[in-house]
Every structure is written in C-alpha cells, then in structure tokens.
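Residue numbers (my numbering), protein chains in the order written: chain A, -14 to 173; chain B, 3 to 284. Built from N, CA and C at the ideal position, the CB exists for glycine as well.
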C-alpha cells in the first residue's frame, strides 16, 4: 500500500493543468516530473513482484525476478543489452488477444527466439538507427535492435525466450562436435 | 532519380526521387492515397502591431499563416533498411530532424517515428515544428479530432458550433487538441493519423492534416509563467522529442472499426518485462 500511495499522491498533485501540459516554470515542471518518476519507480517494482508471483508455477516455486526498462523507445535496456539470454514477458491489459511487434536493444548479431510453446519465432536484428543514436547520445550500449512478432492472450501473459546464436551454439552437445558433426546454427 | 518503394503484403509506400513521401497503398482495401509529407515550422510571434501577444507556453500564435518547409528541396538522404519482419526508410530533413517510416510485415498501418530537436534558435526566432501530410482526399473544410480517445468531434475550418467564430488567428484559431487521432475523409477513402500522445493539430485546407510535435519559443506569453517555453533539456542544448504517428488509409465505411481497434492497442499496449532467469519455465 505504501508503495502505491506515493504514485497516488503525486498523481493527485499532478492534476494541476500546468503539470499535465508542462506550462509552469521549468524548475516546477522538473519537480512534477521527478515526483511522478519516483512514484512510477515504486509501482514498477511492485508490479514486477506481482508479475513474478502470478507466473510462479506453484506456491512452492518462486516466480521469475522481472524488471521494466523505461527507455525501450530509445533502445536502452541494461537487462538485454549485455545478456546472452533472457526472457521477455508480455502482459496484455486488453480483454482480447493482441499481436504486437517487440523491439529490444541488444548487442549480438543473431538471436534465437522461442515462443511460449517453445517453437522458434522468426526475428530480425538491425543496427540502432542514427536518429535514435542522436537522442541516446552517450547513454546505453546497444548496437542493434531485435524485432519479433508476439501474440499475447487476453488479460494474460506470454513469455519469449531470447538466446544469442553464439550462446545457442554452445548448447550443442560437446560429443557431437568431437564427431566432427557440423554445429547447425540456431534458426535465424 | 527514381522512386523508392517499400512494401509488405498489405501496405505499399512510395517515395519520390528526393526521398519525400509520394503515395501510400493499402492492398487489402484497395485504397491509394497520393500524399506528400514534410516537416515545417511556424515562426512563434514575439507580438506585433495588432497585438503584443507572443507565442508561449499557454499561447500558440504564429507570426504568419505560412509555415516554412524544413525539407532542403534536394534530398532527405533516404536509406532503406530491410528485414524479414520490418522494413524501414530513414529520412534526414535537418541535422536535428530525422524520421523513420516503418512497415511491419503483419500490420496494416504505416509508422512514422520522428526525432525532433534540439531546435536551433541562434537566428533569434522561436519555432513551432509541425508534421504535415498533403493528400488527394477531397475533405473540403471538414476534419475530425477525438475527445480523450472516445468520441470523434466534427470540426469545420473557421467555424464553431458553440459560438460565432471570429477569424482573428487564421492558424491557431483552427487548431484543436488531439488526444489519440485526427482524420479526414471523403466518401471513398479516409486518412487517419493515430498519435502516441496529446498534440495540437488541424486541417487548414482540403486534403491536408498537420500536427505540432515540438516547440521552442524565446518570449514569455504574459500569462503568468514569467519565462519563455525554451526547454534546455538534460544536456543543456535543447529538449529533444521522439514520437510516433501511425497512419491508416482505408475505405471510409471500414475506417472506424480499424482505428478503434488500433487505438486500443496503442493506448493499452502490452507491458514488457525482462527476466535474466531462463530456467525451464515458460
């Protein structure tokens, strides 16, 4: 309750038209933004815990530790930029199935994406655009964006496992390699 | 010296030899709209002989009704980036103004992702940046803007339903708040722009739609703030704005269903979480 209270209070303060439109003095606007960010951060942590609990397979196991990335629109996300494998969990707040494209900042050149049923999902990796690099300046380290198409059930979750191709290759059984069997790279 | 075409199974977009948008075709609904899109700027008024009112945080008052084009007249250095899921056309209008026109393989809209700023002001002029689409749709002086993403309000240039319109500000007097979408149509085809935030916009001539995406002004508007809307941003050289417009072209009778569904998906897009744990759970 305390976590949510902060955002509730700051949302109340921000009902003022200046906060909605940013038409107060600069330092006042910055203060509105700062308070909303503090409230937002607290709620994100709480929602992340809730999502983890909702996804635990049963009461004995613990759900995944999840995190948000607030700068996906400018290709910044520490959780994916430096990871060879990670899970992308989508929650759909609409009461009908939704299909959407996901764009994630990465550093690898090729990835294997597995859908909720384990099947391979076609994906595309391309360089972060000059335009986004211009906004990002010296923040973030992702060189590429990974795109894939995700289907999320009504008011439900979908989990996609992303593994960098080089990581996926490592998973080939060692003896297979010793028999000079050519490692088949993960499907693009 | 020739057109550039990017397309999926559903949508085809053509750019002319300078790299500016030339036409869009929805193969599903068999609709083609000839459309030119560019960015422009209104010079924010500093007050003049008619009125000392300057353009500022509370006031939009361009000092002329004709916006200046930000296209350099030669090329936007267009570049195609093509893949299995997404096809993009990258445009550079100014060193501080880029746009990516994006098609998704399985989607029926065209995404315009723009990056505007830092807006230069060393010429001493405040600038109010708009994106403008000029189409061949015969919409006359009628256009529609939403009210908080729900009801679509019919708008008519130089006219108000609720009070006698006095044409003091030919541009600003026709600007309306847009929370999620603006569209124009004729009896055959509809051109809808879905925004990702509230913006000001209008249709100042038949077939044309404009939306204001960023502003940088040098005079206080005398409404109490006591400083100009001149945001220096985190890096001190001026605020940058990044955003998206999704454009739909449809036959008019089907357009409402399509923009209603897309509007919901934009407004309540899936939340995206990440986890480093990849133990055997899905």
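Can you find a C-beta in chain A that's less than 9 Å from the C-beta of residue i?
| i | result |
| --- | --- |
| residue 278/B | yes |
| residue 122/B | no |
| residue 242/B | yes |
| residue 214/B | no |
| residue 13/B | no |
| residue 273/B | yes |
| residue 102/B | yes |
| residue 237/B | yes |
| residue 270/B | yes |
| residue 231/B | yes |
| residue 197/B | no |
| residue 224/B | no |
| residue 227/B | yes |
| residue 117/B | yes |
Looking at the C-beta of residue i, does it have a partner C-beta in chain B at a distance below 9 Å?
| i | result |
| --- | --- |
| residue 0/A | no |
| residue 115/A | yes |
| residue 33/A | yes |
| residue 79/A | yes |
| residue 86/A | yes |
| residue 92/A | no |
| residue 83/A | yes |
State the DSSP-derived secondary structure class of residue i, mapped to helix, strand or coil.
| i | result |
| --- | --- |
| residue 120/A | helix |
| residue 81/A | coil |
| residue 255/B | helix |
| residue 22/B | coil |
| residue 231/B | coil |
| residue 11/A | helix |
| residue 128/B | strand |
| residue 25/A | helix |
| residue 100/A | coil |
| residue 164/B | coil |
| residue 216/B | strand |
| residue 32/A | helix |
| residue 4/A | helix |
| residue 135/A | strand |
| residue 164/A | Because residue 164/A carries a pLDDT of 46, less than 50, the predicted location of this residue cannot be relied on, and the following value inherits that uncertainty. Reduced to three states, the DSSP call for residue 164/A is coil. |
| residue 156/B | strand |
| residue 101/B | strand |
| residue 270/B | coil |
| residue 75/A | strand |
| residue 106/B | strand |
| residue 140/A | coil |
| residue 86/A | strand |
| residue -11/A | helix |
| residue 13/B | strand |
Answer yes or no: does any C-beta atom of chain C fall closer than 9 Å to that of residue i?
| i | result |
| --- | --- |
| residue 86/B | Among the chains of the structure shown, chain C does not appear; the protein chains present are A and B. |
Since residue i and residue j are thought to touch, with beta carbons under 8 Å apart, how far apart are those beta carbons, to the nearest angstrom?
| i | j | result |
| --- | --- | --- |
| residue 2/B | residue 42/B | Since the first and last residues shown for chain B are 3 and 284, residue 2/B lies out of range. |
| residue 9/A | residue 93/A | Between residue 93/A and residue 9/A the Cβ distance is about 44 Å, and since that is not below 8 Å, they are no contact. |
| residue 74/B | residue 119/A | Between residue 119/A and residue 74/B the Cβ distance is about 18 Å, and since that is not below 8 Å, they are no contact. |
| residue 230/B | residue 241/B | Rounded, the Cβ-Cβ distance is 13 Å, inconsistent with contact. |
| residue 70/A | residue 148/A | 4 Å |
| residue 7/B | residue 29/B | Actually they are not in contact, since the Cβ atoms of residue 7/B and residue 29/B sit about 12 Å apart, beyond 8 Å. |
| residue 87/B | residue 134/A | 6 Å |
| residue 140/B | residue 209/B | 7 Å |
| residue 51/A | residue 91/A | The Cβ separation is near 18 Å, so there is no contact. |
| residue 77/A | residue 137/A | 4 Å |
Where residue i and residue j are concerned, what is the direct C-alpha to C-alpha distance, given to the nearest angstrom?
| i | j | result |
| --- | --- | --- |
| residue 82/B | residue 248/B | 19 Å |
| residue 197/B | residue 269/B | 10 Å |
| residue 118/B | residue 181/B | 20 Å |
| residue 114/A | residue 216/B | 21 Å |
| residue 84/B | residue 233/B | 36 Å |
| residue 157/B | residue 211/B | 12 Å |
| residue 170/B | residue 98/B | 33 Å |
| residue -8/A | residue 56/A | 20 Å |
| residue 50/B | residue 165/B | 27 Å |
| residue 151/B | residue 133/B | 21 Å |
| residue 148/B | residue 176/B | 15 Å |
| residue 244/B | residue 116/A | 9 Å |
| residue 102/B | residue 106/A | 25 Å |
| residue 277/B | residue 93/B | 35 Å |
| residue 132/A | residue 53/A | 18 Å |
| residue 54/B | residue 168/B | 19 Å |
| residue 110/A | residue 96/A | 8 Å |
Query raised in the report: Taking any Cβ of chain B, which residues in the region 5 to 16 of chain A have a Cβ under 7 Å from it, in chain order?
Result: 8, 9, 10, 11
Query - Proximal residues, the region 50 to 75 of chain A versus chain B, C-beta separation under 8 Å - result: 50, 51, 52, 53, 54, 57, 58, 59, 62, 64, 65, 68, 70, 71, 72, 73, 74, 75
Query raised in the report: Along the region 122 to 156 of chain B, what residues have a CB closer than 8 Å to any CB found in chain A?
Result: none
Report task. Could you name the residues of the region 116 to 141 of chain A whose beta carbon sits closer than 8 Å to any beta carbon of chain B, in the order they occur along the chain? Result -> Listed in sequence order: 116, 117, 119, 120, 122, 132, 133, 134, 135, 137.
Query raised in the report: Can you list, in chain order, the residues of the region 94 to 113 of chain A whose Cβ is nearer than 9 Å to any Cβ on chain B?
Result: 99, 100, 101, 102, 103, 107, 108, 109, 110, 111, 112
Report task. With 7 Å as the C-beta to C-beta threshold (strictly closer), list the residues of the region 257 to 268 of chain B near chain A in chain order. Result -> Residues of the region 257 to 268 of chain B with a C-beta atom less than 7 Å from some C-beta of chain A are 266, 267, listed in chain order.
**Report entry** Contact list for the region 40 to 68 of chain B against chain A, Cβ threshold 9 Å
**Finding:** 58, 59, 60
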